[in-house]
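One gets our numbering by counting positions in the sequence shown from 1 and adding 529 to each.
C-beta: ideal position from N, C-alpha, C; glycine also.
Keep in mind it's a predicted model, so treat the numbers as computed, not measured.
See structure below.
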Amino acid sequence: MSFSRATFVACIAVVLCSPAALGQKPAPQPWMNPSLDPDARADLMIHEMTLDEKIQLVHGNGWGVLRDGAPVASRHNGGAGFVPGIPRLGLPDINLADSAVGVRMAALNGRYATLLPSVLGMSASWDPDAAFLYGSVIGRELRAQGYNMSIGGGVDLIREPRNGRNFEYASEDPILAGIMVGQLARGVQSNHIMGDIKHYALNDQETGRNTLNAILNLRALRETDLLAFQIAIGLAHPAGVMCSYNRINGDYACENDYTLNQVLKRDWGFKGFVLSDWGGTHSTVKAALAGLDMDQPGDDNFFSDPLKQAVLAGTVPQARLDDMVHRIVRSMFAAGVIDQPPMPRSVVDPFRGRDDAQSIEEESLVLLKNAGGILPLSAAKVRSIAVIGGHADVGVLSGGGSAQVDSPGGNAVDPKMGASVWGKAVYFPSSPLRYIREQAAPDAHIAYDAGTDPAAAAKTAASAQLAIVFVTQWMSEGQDSATLSLPDQQDALVAAVAAANPNTIVVLENGGPVSMPWAANVKGILESWYPGIGGGQAIANILFGRVNPSGKLPVTFAATEADLPHPQVTGLTPRTGNNGADAGGARNQARNFPVDYNVEGMAVGYRWFQEKNKQPLFAFGFGLSYTHFVYSDLGFMRSATIYVTFTLRNTGAQAGDEIAQVYVTLPASAGEPFRKLAGWKRVSLAPGASQTVTIPLDQLCLSIYSPTDDKWTRPAGDFLFEVGGSSAELPLHQTIDLDSARLAAVDLPNK
Ligand code: BGC
530 MSFSRATFVA CIAVVLCSPA ALGQKPAPQP WMNPSLDPDA RADLMIHEMT
580 LDEKIQLVHG NGWGVLRDGA PVASRHNGGA GFVPGIPRLG LPDINLADSA
630 VGVRMAALNG RYATLLPSVL GMSASWDPDA AFLYGSVIGR ELRAQGYNMS
680 IGGGVDLIRE PRNGRNFEYA SEDPILAGIM VGQLARGVQS NHIMGDIKHY
730 ALNDQETGRN TLNAILNLRA LRETDLLAFQ IAIGLAHPAG VMCSYNRING
780 DYACENDYTL NQVLKRDWGF KGFVLSDWGG THSTVKAALA GLDMDQPGDD
830 NFFSDPLKQA VLAGTVPQAR LDDMVHRIVR SMFAAGVIDQ PPMPRSVVDP
880 FRGRDDAQSI EEESLVLLKN AGGILPLSAA KVRSIAVIGG HADVGVLSGG
930 GSAQVDSPGG NAVDPKMGAS VWGKAVYFPS SPLRYIREQA APDAHIAYDA
980 GTDPAAAAKT AASAQLAIVF VTQWMSEGQD SATLSLPDQQ DALVAAVAAA
1030 NPNTIVVLEN GGPVSMPWAA NVKGILESWY PGIGGGQAIA NILFGRVNPS
1080 GKLPVTFAAT EADLPHPQVT GLTPRTGNNG ADAGGARNQA RNFPVDYNVE
1130 GMAVGYRWFQ EKNKQPLFAF GFGLSYTHFV YSDLGFMRSA TIYVTFTLRN
1180 TGAQAGDEIA QVYVTLPASA GEPFRKLAGW KRVSLAPGAS QTVTIPLDQL
1230 CLSIYSPTDD KWTRPAGDFL FEVGGSSAEL PLHQTIDLDS ARLAAVDLPN
1280 K
């Protein structure tokens, strides 16, 4: 091809007379008009994209920093994932960071990140505002570190109390889990960061997670595990939903037409994009047609050239590829990552993060036992304390895996600069011992014993007025615990200390429920979860009464494995190693084994215990306060929705928060012979004060799902409503037929 003189002159004219050459700003690209809605903006931009550019957006660019030796792109921000943008169209890169309980891999990048309490801990606050704050800390720090997408937001139900990832999840109850994680994701997105909800769905154990087939009938699936996702996604409208590793009723979660196309996208109207868990994609055409929109981390090549060829061959319609790209780009516009990109040169404020983490933890600590009112401790009366175990002299424990946050200054039990190592327990420098010393009288004698030798610990305990034993349970992605027992003979440690000192208090730092064979022999038990970077101080504040405990269990604590629907973790054999170690490794995985969740079906957690008439060690919703609350005057009202009302009075001598809970048992025809959480409110009351509490009930809580009709309906008949401070103690109750009952009409917002 040769240029004519006329063409040459025309080209020069275009260059010389371009807006830039004339000193004018180029006309803004039409999709950069913020007054257009995100869908319109995405369509305008996608119209200009080539096929290759579209393909580039629907997969990550490899394992990057996650795998030794994998290439790392120059604009990669150092997180778990990277999708290059399209500079000529003004589309930024997507930099994704694991951020379940704080931003992961900060140290690797020379940065600081706040360690929040575990998600399960935060959920024990039952405080949606605390959940929002939690997410906003994550969003704020992602932004300061230059990321524009979070891949946290775990909302899988706690069906398996020994699951290694329970600390990343929120509850065994779908309403509590859905609301808390939905608020968390809203908090993330309030910082113009794309949020995510994961792992969709039934990723309820780590043993065999890449191959197992989770089996659950559709009604139970919709009313339990999927309901948690439905609520969270409905609240947050997250940019992403991460499909999980496992199979669901036969098909892998990332190529499951039922969960992705039919439920998530059609029934719930999800407008964002589905991204695979890392390595969770198993096909090109099947996954694309089933609703997967982005393959991560992408080095498996399912959504790169093979997808391009499938589109060219017509086995994946062009419209489906356009839909994938539309979902990604519209989510970027909707979250604001294009109009308000992160500013990587800002820095994280560690003090603000620490204060937020501590205040969330102070609402999340659960006082499980307080015999004889041993707590709160009085600095004036306590002359000596033996603090034992749990590395309480240097710090607090955190959870592992992709939720691991790097500890400032390195692991507090072995301080070396640098990033955390997968598979190793990391302690954060927030020493409970230090804050106990600070709050005790200056002349009180506070001794510390590491707790490695029960006999020596008992000796230290015997010579003190009281003993505080810190026990720990390290949990991580990739492995489950084989039992509910605390590891490393810590039960024997507590038993020895309790035998030596009648005033023994146990503080737990754990990933999920544990058994406590010594519970009857100690006076106090305080559940601190993984308490986060403000944990040491928060624990001391509760022990000495500067803060009145108010958290309630978001999960049942069984007395023994024999009481669980699955007395053993399905598929976990001695071959998978002590305490479940290596269960996530491909070598030790059984192939495609079933995990039959129909055993308990809808009766997850506390519902199972009620249905089977078993006594838990500590019930769902339970938690003590230093004050007392009395419930009275149950009533009902109706406007657009149904409300439960009652009076709550603080009859004790100090201010406190009560988490008042409403449970419903549906009419017998529903076939659900157990109470279910239907609503709650966290109420602050001064001593002697009372309040009329009004709690709206979502129709979903009063309805059942019919797979045949594919819809939710409220069954006819008598509904039993129960109200109180724990699923096992519900002083108010009334049975009403919602269709015939004449409920007082009120004009209240349906919130
Ligand atoms: C985890 C995800 C995580 C991803 C990226 C996977 O192993 O299951 O939760 O986001 O890795 O690190």
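Scanning its chain for C-beta atoms nearer than 8 Å, with the 5 sequence neighbours on each side dropped, one finds around aspartate 780 the residues Asp786, Tyr787, Ala819, in chain order.
Within the region 783–834, the complete alpha helix (DSSP H) runs of at least 4 residues fall at 814–819. Counted as a single uninterrupted DSSP element, the beta strand (DSSP E) harbouring isoleucine 1034 occupies residues 1033–1039. Contact annotation: threonine 1012 and glutamate 1090 have beta-carbon atoms nearer than 8 Å. With 16 or more other CB atoms across the displayed protein chains lying within 10 angstroms of its CB, proline 961 is buried. Taken atom to atom, the span from the alpha-carbon of leucine 1055 to that of isoleucine 997 is near 10 Å. Excluding residues up to 5 positions away in sequence, Tyr698, Ala699, Ala706, Gly707, Val710, Ile726, Ala757, Phe758, Ala761 lie with their Cβ nearer than 7 Å to the Cβ of valine 684 in the same chain.
Phenylalanine 661 sits in a helix when the DSSP states are folded into three classes.
The Cβ atoms of alanine 1029 and alanine 990 lie closer than 8 Å to each other.
Shown here for valine 587: same chain residues with a beta carbon closer than 8 Å to its own, the five before and five after excluded, namely Asp822, Met823, Asp824, Phe832, Leu836, Leu850, Met853, Val854, Ile857 in chain order.
Under the three-state reduction of DSSP, isoleucine 623 is assigned to strand. Annotation for glutamate 967: the continuous alpha helix (DSSP H) segment containing it runs 961–968. Collapsing the DSSP output to three states places aspartate 1247 in a strand. Taking C-beta atoms as the reference points, proline 958 and valine 923 count as a pair closer than 8 Å. If you check the CB distance, glycine 724 and serine 665 do not come in under 8 Å. Per DSSP, isoleucine 760 is one residue of the alpha helix (DSSP H) stretching across 754–765. DSSP places alanine 915 in the strand class (E or B) of the three-state scheme.
Across the set Asn790, Glu784, Thr1242, the C-alpha of Glu784 shows the shortest separation from the C-alpha of glycine 809. Going by C-alpha positions, arginine 1271 is about 43 Å away from aspartate 1125. With a contact defined as Cβ atoms closer than 8 Å, leucine 625 and glycine 608 qualify at about 6 Å.
Judged by their CB atoms, serine 860 and phenylalanine 799 are not nearer to each other than the 8 Å cut-off. Excluding its 5 nearest sequence neighbours in each direction, glutamate 892 has C-beta neighbours in its own chain below 7 Å: Ser654, Asp656, Ala659, Ser1079, Gly1080, listed in chain order. It is roughly 35 Å from the alpha-carbon of alanine 635 to the alpha-carbon of leucine 897. Between alanine 900 and phenylalanine 999, the CB-CB gap reaches or exceeds 8 Å. In this structure, isoleucine 722 and alanine 932 do not form a Cβ contact; the two beta carbons are roughly 17 Å apart against a cut-off of 8 Å. For aspartate 1227, the CB contacts under 8 Å within the same chain, skipping 5 residues up- and downstream, are Ile704, Thr1170, Ala1207, Gly1208 in chain order.
Counting C-beta pairs with one atom in each stretch, the region 1126–1138 and the region 1068–1076 have fewer than three that are closer than 8 Å, which means they do not touch. The beta carbon of histidine 811 sits no closer than 7 Å to any heavy atom of ligand 1. If you draw a straight line from the Cα of proline 616 to the Cα of alanine 730, it is about 35 Å long. When Arg1211, Gln1263, Tyr1192, Glu1258 are compared, the shortest CA-CA separation from leucine 1231 is found for Tyr1192. Secondary structure note for phenylalanine 611: its beta strand (DSSP E) is the uninterrupted segment 610–612. The beta carbon of glutamate 735 sits no closer than 7 Å to any heavy atom of ligand 1.
According to the DSSP assignment, glutamate 1187 belongs to the beta strand (DSSP E) that extends over 1185–1194. Note that the region 599–607 does not touch the region 562–571; fewer than 3 beta-carbon pairs, one per stretch, sit closer than 8 Å. DSSP, read as helix, strand or coil, puts tryptophan 560 in helix. In this structure, the alpha-carbon of serine 1255 lies about 12 Å from that of lysine 1210.
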